[in-house]
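Just so we're aligned, residue 1 is where the sequence shown starts under the UniProt record's numbering, counting upward by one. Backbone N, C-alpha and C define an ideal beta-carbon position, used for all residues, glycine too. Quantities reported herein were computed from a predicted structural model and do not represent experimental measurements.
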Amino acid sequence: MQNTPVVVYSKPNCMQCNFTKKFLEDKGIPYQVKDIEQNEQAVNEVKSLGFSSLPVVIAEGIEAFHGFRPDLLNRLA
Numbered sequence: 001m002q003n004t005p006v007v008v009y010s011k012p013n014c015m016q017c018n019f020t021k022k023f024l025e026d027k028g029i030p031y032q033v034k035d036i037e038q039n040e041q042a043v044n045e046v047k048s049l050g051f052s053s054l055p056v057v058i059a060e061g062i063e064a065f066h067g068f069r070p071d072l073l074n075r076l077a
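See the structure below:
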């Protein structure tokens with residue numbers, strides 16, 4: 001079974017973004033960061049998903065969500 005990377009849409013100085021990334025690192029879950037301040041396309045992707053706050057997390061097998069959600073992140077471990 002191939003692991004599809006988790007994508008975390010983030011921005012600098014975002015506490016919940018940092019908590020989310022640290023949680024994934026602590027669990028050894030590989031992820032890709034898309035910084036919305038560096039990447040205009042990432043902004044459009046977040047908007048197209050229907051979110052207006054960060055972080056937004058997308059991953060295979062779970063519905064996209066926003067905010068620091070250890071309950072949902074644990075499903076990826």
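Go ahead and label residue i buried or exposed: buried means 16 or more other beta carbons lie within 10 angstroms of its beta carbon, across all protein chains shown.
{"i": "A77", "result": "exposed"}
{"i": "P55", "result": "buried"}
{"i": "S48", "result": "exposed"}
Please report the residue range of the alpha helix (DSSP H) in which residue i lies.
{"i": "L72", "result": "70-73"}
Would you mind giving the Cβ-Cβ distance between residue i and residue j, rounded to the nearest angstrom? I have them listed as a contact below 8 Å.
{"i": "V10", "j": "V33", "result": "Inspection of the sequence shows that residue 10 is occupied by Ser rather than by Val. Between V33 and S10 the Cβ distance is about 5 Å, and since that is below 8 Å, they are a contact."}
- Task: Could you pull out every unbroken beta strand (DSSP E) segment of at least 3 residues lying fully inside the UniProt domain "Glutaredoxin" (6-61), listed in chain order?
- Result: 6-10, 31-35, 56-59
- Query: Should the stretch 39-46 be regarded as contacting the stretch 21-29, the criterion being three or more beta carbon pairs within less than 8 Å?
  - Reply: no
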